[in-house]
Structure formats: C-alpha cells, structure tokens
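Have a look at the structure below before the remarks.
In the numbering used here, the protein residues as written are 319 to 470.
Okay, here's the thing in structure tokens:
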C-alpha cells in the first residue's frame with residue numbers, strides 16, 4: 319500500500335509556475351515553494367484557478383496528512399512539499415467568527431493547536447503547522463506575515 323501511494327505521488331508530482339509562485343502538486347493539493355502574505359497567497363491560488371486550501375472536514379484533514387506522511391517516508395517533517403507553516407483559506411471575519419475564504423462557510427471542523435486561536439486583534443488568518451512527525455495543527459497569525467501556502 320505504501321509503495322502504491324509513493325508511486326502515485328511520484329506520478330502526480332510536478333512543478334507548475336505562475337508569476338507569483340512555484341507549486342508542487344501532491345494529490346489535489348498544490349504546495350507553494352515561495353512565501354507570500356495571506357492576501358497575495360490567495361491571489362496566487364486564484365491566478366491558477368484554485369483557492370487556498372479549506373480543511374473543512376476530518377476526511378480532507380486525514381487525506382492531507384496521509385499524503386504528507388507518504389511524501390516524507392512516513393513523517394510529515396521529512397516531507398519536501400510542506401515547509402513548516404502554510405496558509406490556508408481560514409480567516410476571522412468578526413471577533414471569534416472564523417470562515418473559509420474559498421467557500422464563505424463557517425468552521426464546523428477545527429484542528430486548533432492548544433491555546434489557539436488567540437484573541438489578539440491583528441491575528442486574523444489561519445495557517446497549518448507541522449507538529450512532531452505525523453500531524454498538522456492550526457494556528458492564527460497576522461495576515462501580513464509571509465508564509466508558504468497550499469492551494470486546491
């Protein structure tokens with residue numbers, strides 16, 4: 319099974335470029351090779367007819383983690399496609415109200431890290447961060463911070 323996944327990943331992995339960023343495809347996800355603030359990352363995805371990733375279900379979360387583990391020989395931290403912190407489409411639209419930019423749906427599924435989201439005024443965008451060797455978690459950050467990002 320693991321060999322089949324790795325072979326599948328090798329078949330679908332390719333490099334695509336736009337004027338903003340380079341991407342590595344892994345299944346239905348496109349991982350940026352560059353860093354941008356959240357608004358520019360959203361536009362870079364839109365320029366390729368995609369959107370920032372919305373991890374809006376446990377199934378999508380498991381699929382993303384599974385693909386990242388496979389690309390890192392069983393450990394997300396060994397994956398060459400995720401760079402530690404990557405923007406998602408999650409953002410705060412009002413104090414304590416979070417939604418996915420790509421669908422304008424509120425968060426029904428969450429994977430916040432302990433103590434997140436924090437209540438700071440200028441911390442309004444959600445990024446995915448690796449934790450240990452086999453997991454992802456969500457944190458909030460200032461949208462003007464430059465990070466890698468994931469499109470779908």
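Where is the CB? At the ideal position from N, CA and C, for every residue including glycine. A quick note: this is a predicted structure, and the numbers were derived from the prediction, not measured.
Does DSSP put residue i in a helix, a strand or coil?
| i | result |
| --- | --- |
| residue 461 | coil |
| residue 358 | helix |
| residue 308 | Past the boundaries of the shown model lies residue 308; the chain is included only from 319 to 470, so the question cannot be answered. |
| residue 386 | helix |
| residue 334 | Legend: pLDDT at residue 334 = 42, less than 50; position of this residue unreliable, no value from coordinates given. |
With a 10 Å radius around its C-beta and 16 neighbouring C-beta atoms as the bar for buried, classify residue i as buried or exposed.
| i | result |
| --- | --- |
| residue 456 | buried |
| residue 438 | exposed |
| residue 448 | buried |
| residue 412 | exposed |
| residue 464 | exposed |
| residue 387 | buried |
| residue 462 | exposed |
| residue 328 | Low confidence applies to residue 328: its pLDDT is 39, below 50, so where it sits in the model is not reliable, and the reading given next is rough at best. Classification of residue 328: exposed, given that the 10 Å Cβ count is below 16. |
With C-beta atoms as the reference, is residue i less than 8 Å away from residue j?
| i | j | result |
| --- | --- | --- |
| residue 426 | residue 374 | yes |
| residue 405 | residue 359 | yes |
| residue 370 | residue 468 | yes |
| residue 458 | residue 424 | no |
| residue 440 | residue 383 | no |
| residue 344 | residue 389 | yes |
| residue 418 | residue 407 | yes |
| residue 350 | residue 422 | no |
| residue 443 | residue 409 | yes |
Spell out the partners DSSP gives residue i in its beta bridges.
| i | result |
| --- | --- |
| residue 344 | 347 |
| residue 409 | 417 and 443 |
| residue 435 | Note: residue 435 sits in no beta bridge, so no partner. |
| residue 455 | 447 |
| residue 422 | Per DSSP, none; premise fails for residue 422. |
| residue 404 | 446 and 466 |
What is the rounded straight-line gap between the Cα of residue i and the Cα of residue j?
| i | j | result |
| --- | --- | --- |
| residue 420 | residue 376 | 17 Å |
| residue 366 | residue 348 | 10 Å |
| residue 402 | residue 342 | 15 Å |
| residue 385 | residue 414 | 31 Å |
| residue 352 | residue 470 | 16 Å |
| residue 357 | residue 428 | 22 Å |
| residue 433 | residue 379 | 20 Å |
Can we count residue i as close to the ligand MN, meaning its CB is less than 7 Å from some heavy atom?
| i | result |
| --- | --- |
| residue 442 | This structure lacks the ligand MN, and indeed carries no ligand of any kind. |
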